[in-house]
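Going down the list, the sequences are from chains S and R.
For the first sequence, the residue numbers in my numbering are 1 to 114.
For the second sequence, the residue numbers in my numbering are 115 to 228.
Quick reminder that beta carbons are idealized off the backbone N, C-alpha and C, glycines included.
As the structure is a computational prediction, the values presented were derived from the model and not from experiment.
Below is one structure, written out as structure tokens; the observations come after it.
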Amino acid sequence: GAGVSQSPSNKVTEKGKDVELRCDPISGHTALYWYRQSLGQGLEFLIYFQGNSAPDKSGLPSDRFSAERTGGSVSTLTIQRTQQEDSAVYLCASSLSGGRDTQYFGPGTRLTVL
Amino acid sequence: GENVEQHPSTLSVQEGDSAVIKCTYSDSASNYFPWYKQELGKRPQLIIDIRSNVGEKKDQRIAVTLNKTAKHFSLHITETQPEDSAVYFCAVRKSGGSNYKLTFGKGTLLTVNP
């Protein structure tokens, strides 16, 4: 079946602009995660959604970052007033129900802030 | 919070040789240890995982060993092939509380030379 999809695959923006990144999880997966992968670094947890529960936003690096998940499916990560240090690959993952389930990753969005 | 150290950061081997990557973690409550493989420009994919009730798990040429006392686990790849070349990430997840959150190591770039 279809895996996790993300769009756009690449995004180049100017410093100070806002960007929106989209994630479509695997159908039927109730848990959704956002990670950030900076050059030469591991994956940094950003935010977690599970069903209708309040999201865990503990990994968001600043209040310029926000995310929402509408209808329990598609999620959007928004970065306001982008900075050069926001340049990274943003990865989305989903799992069947969170907790002990395997996380399946999307292909990522490469964000470049000029 | 959890801290995961991964070594080495780069590893170069000759085709047919074995490769070993090691990770150490800090939180003794961690009980799930997956390994992800990320080929250049591709998404991370789960290749093997181990839970804390076993010490070793093997899948063809890949094995993972876990030492909970010492808080470290290792990925072993035998009879390496050029297609094994990729970045490998270890991760840990703990039981209870935020037991959905994976904490990743910084990755190991494995190069298998033909």
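Neighbour list for residue i in chain R, Cβ cutoff strictly below 9 Å
i, result
"residue 51 of chain S", "Near residue 51 of chain S there are no residues of chain R at all, since even the closest Cβ is about 12 Å away, more than 9 Å."
Interface residues of chain S facing residue i [CB-CB closer than 7 Å]
i, result
"residue 69 of chain R", "Only positions 115 to 228 of chain R appear in the structure, and residue 69 of chain R is not among them; the question remains open."
Nonlocal neighbours in the same chain, by C-beta distance under 6 Å from residue i, ignoring five residues either side
i, result
"residue 221 of chain R", "201, 203"
"residue 223 of chain R", "124, 201"
"residue 148 of chain R", "160, 163, 205"
"residue 43 of chain S", "35, 37"
"residue 190 of chain R", "134, 177"
Neighbourhood of residue i by C-beta, 7 Å cutoff - its chain only, sequence neighbours within 5 removed
i, result
"residue 153 of chain R", "200"
"residue 113 of chain S", "13, 15, 82, 83, 84, 86, 87"
Partner residues on chain S for residue i, Cβ-Cβ distance less than 9 Å
i, result
"residue 216 of chain R", "33, 35, 43, 45, 93, 103"
"residue 203 of chain R", "42, 43"
"residue 139 of chain R", "Residues of chain S passing the Cβ test: none, with the nearest at roughly 13 Å."
Chain-ordered neighbours of residue i on chain R, where CB pairs are closer than 7 Å
i, result
"residue 48 of chain S", "214, 215"
"residue 98 of chain S", "214"
Contacts of residue i in chain R (Cβ-Cβ under 8 Å)
i, result
"residue 106 of chain S", "157"
8 Å Cβ shell around residue i - same chain, five flanking residues per side excluded
i, result
"residue 158 of chain R", "150, 151, 152, 203"
"residue 127 of chain R", "133, 194, 224, 225, 226, 227"
Any alpha helix (DSSP H) of 4 or more consecutive residues that is wholly inside the stretch 71–109 of chain S: none
Within 9 Å of chain C by C-beta, residues of the stretch 150–178 of chain R in sequence order: Included in the structure are the protein chains S and R, with no chain C among them.
Three-pair Cβ contact test at 8 Å for the stretch 87–98 of chain S versus the stretch 28–35 of chain S: yes
Unbroken stretches of the beta strand (DSSP E), 3 residues or longer, contained in the stretch 151–211 of chain R: 159–165, 170–173, 176–181, 186–191, 200–208
Given 8 Å, three or more beta-carbon pairs between the stretch 167–174 of chain R and the stretch 57–65 of chain S: Touching, no, given that fewer than three Cβ pairs across the two stretches are closer than 8 Å.
Uninterrupted beta strand (DSSP E) stretches inside the stretch 16–41 of chain S (no shorter than 3 residues): Segments of the beta strand (DSSP E) lying fully in the stretch 16–41 of chain S: 19–24, 31–37.
Stretch-stretch touch, CB-based, cutoff 8 Å, three pairs: the stretch 42–51 of chain S with the stretch 132–140 of chain R: Too few Cβ pairs lie closer than 8 Å, so no.
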